[in-house]
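2 protein chains.
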Amino acid sequence: MAKRAVAAAGRGSGPILCCGAVTEAPLGEADAESLAGVLGALADPVRLRLLSIVASNEEVCSCDLEGPLRKSQPTISHHTKVLAEAGLIAGEKRGRWVWWRVVPSRLEAVRQALGG
Amino acid sequence: MAKRAVAAAGRGSGPILCCGAVTEAPLGEADAESLAGVLGALADPVRLRLLSIVASNEEVCSCDLEGPLRKSQPTISHHTKVLAEAGLIAGEKRGRWVWWRVVPSRLEAVRQALGG
DNA sequence: CTTATAGATTGACAATATTCGATTTATCCG
DNA sequence: CGGATAAATCGAATATTGTCAATCTATAAG
Numbered sequence: 000m001a002k003r004a005v006a007a008a009g010r011g012s013g014p015i016l017c018c019g020a021v022t023e024a025p026l027g028e029a030d031a032e033s034l035a036g037v038l039g040a041l042a043d044p045v046r047l048r049l050l051s052i053v054a055s056n057e058e059v060c061s062c063d064l065e066g067p068l069r070k071s072q073p074t075i076s077h078h079t080k081v082l083a084e085a086g087l088i089a090g091e092k093r094g095r096w097v098w099w100r101v102v103p104s105r106l107e108a109v110r111q112a113l114g115g
Numbered sequence: 000m001a002k003r004a005v006a007a008a009g010r011g012s013g014p015i016l017c018c019g020a021v022t023e024a025p026l027g028e029a030d031a032e033s034l035a036g037v038l039g040a041l042a043d044p045v046r047l048r049l050l051s052i053v054a055s056n057e058e059v060c061s062c063d064l065e066g067p068l069r070k071s072q073p074t075i076s077h078h079t080k081v082l083a084e085a086g087l088i089a090g091e092k093r094g095r096w097v098w099w100r101v102v103p104s105r106l107e108a109v110r111q112a113l114g115g
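Going down the list, the protein sequences come from chains P and Y.
With the first letter of the first sequence counted as 1, position 89 gets the number 88 in numbering that gives the first Met the number 0; the numbers rise by one all the way through.
With the first letter of the second sequence counted as 1, position 17 gets the number 16 in numbering that gives the first Met the number 0; the numbers rise by one all the way through.
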């Protein structure tokens, strides 16, 4: 066993809204909390840059994020965790490194929820 | 003069990103701040429900939001202000009331920025 | 086994955000 | 004018969040 999925739990799986989009009908409280959670994960400049770096490179190691983002290692770890728990990225541990990829379907789900 | 635009200033106008989307290339810091600002306005359950109510009704008076959202008047006022400054809704004061509408192009711009 | 390295976790602190009561401003009506 | 109503602003309490130093865990290499 050389691979291991990382941080795939949390609120990361399943649909964001039970049905429809923000623009279609008044949101229930549960749906609002759900969507706000994912949007909250996106609503940070460091996490947006992190996500865009991962999206631009197929696969990115955590260790390659400290440089471009100019944040400490614990901070990077915190942000990857937030994005992973929101289901927006998925990590795989290989040896000492964790490799991150975007989850395109999750981003698509966000756009849908926003009325896409 | 019976009409007046409300809270159209702030970061509300202009494009969210200078070019491309989060998924296309690493975001610059300015773009990241810009997008995070708009997403931050969306990343609150009360504001999402507020937005969905306005979107579902062409035009909604602030006074008609207190009931469904079950928040105090100052809280509603605060949230409409945040959404308006993000350019997501626009208000028009008519007499004693302020009528809110969504700005569909702004929501579309968010979806685009997210890789739509 | 020992050392080195990647990443996660913990704890603390500063900065922000949400919320509401009280007050103020603006507008309408009699 | 004076009373009533819609909304904005102010001030304060509370909760949440972003950040990093220090520490811990896991894996690789010698």
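Yeah, the Cβ is synthetic: ideal placement off N, Cα and C, and Gly gets one too.
Source: prediction; values computed, not measured.
9 Å Cβ cutoff met for residue i and residue j
{"i": "V21 of chain Y", "j": "G114 of chain Y", "result": "yes"}
{"i": "L38 of chain P", "j": "L38 of chain Y", "result": "yes"}
{"i": "A31 of chain P", "j": "L82 of chain Y", "result": "no"}
{"i": "V109 of chain Y", "j": "V53 of chain Y", "result": "no"}
{"i": "S55 of chain P", "j": "E23 of chain Y", "result": "yes"}
Residue of the options minimising C-alpha distance to residue i
{"i": "W96 of chain P", "options": "P:P14, P:S55 and P:L64", "result": "P:L64"}
{"i": "C18 of chain P", "options": "P:R93, P:G27, P:R10 and P:S12", "result": "P:G27"}
{"i": "S61 of chain Y", "options": "Y:W99, Y:R69 and Y:V45", "result": "Y:W99"}
{"i": "V59 of chain P", "options": "P:L16, P:G13, P:V45 and P:G90", "result": "P:G90"}
{"i": "A112 of chain Y", "options": "P:K92, P:L41, P:K80 and P:I88", "result": "P:L41"}
{"i": "T74 of chain P", "options": "P:L49, P:E57, P:G36 and P:N56", "result": "P:L49"}
{"i": "I88 of chain Y", "options": "Y:E57, Y:P14 and Y:K70", "result": "Y:E57"}
Exposed unless 16 or more other CB atoms sit within 10 angstroms - verdict on residue i
{"i": "S51 of chain P", "result": "buried"}
{"i": "R105 of chain P", "result": "buried"}
{"i": "G66 of chain Y", "result": "exposed"}
{"i": "G11 of chain P", "result": "buried"}
{"i": "P25 of chain Y", "result": "buried"}
{"i": "P103 of chain Y", "result": "exposed"}
{"i": "P44 of chain Y", "result": "buried"}
Beta-carbon neighbours of residue i, restricted to chain P and to distances below 7 Å
{"i": "V21 of chain Y", "result": "L47, L50, S51 and A54"}
Neighbour list for residue i in chain Y, Cβ cutoff strictly below 8 Å
{"i": "E91 of chain P", "result": "Simply none; closest approach about 20 Å."}
{"i": "V109 of chain P", "result": "L113"}
Any C-beta of chain P under 9 Å from that of residue i
{"i": "K80 of chain Y", "result": "no"}
{"i": "E65 of chain Y", "result": "no"}
{"i": "V102 of chain Y", "result": "no"}
Beta-carbon neighbours of residue i, restricted to chain Y and to distances below 9 Å
{"i": "D43 of chain P", "result": "A31, A35, L38 and G39"}
{"i": "E28 of chain P", "result": "P44 and R48"}
{"i": "L106 of chain P", "result": "V21, T22, L113 and G114"}
CB contact below 9 Å: residue i versus chain Y
{"i": "C25 of chain P", "result": "For the sequence presented, residue 25 of chain P should be read as Pro rather than Cys. For P25 of chain P, the answer is yes, since a Cβ of chain Y falls inside 9 Å of its Cβ."}
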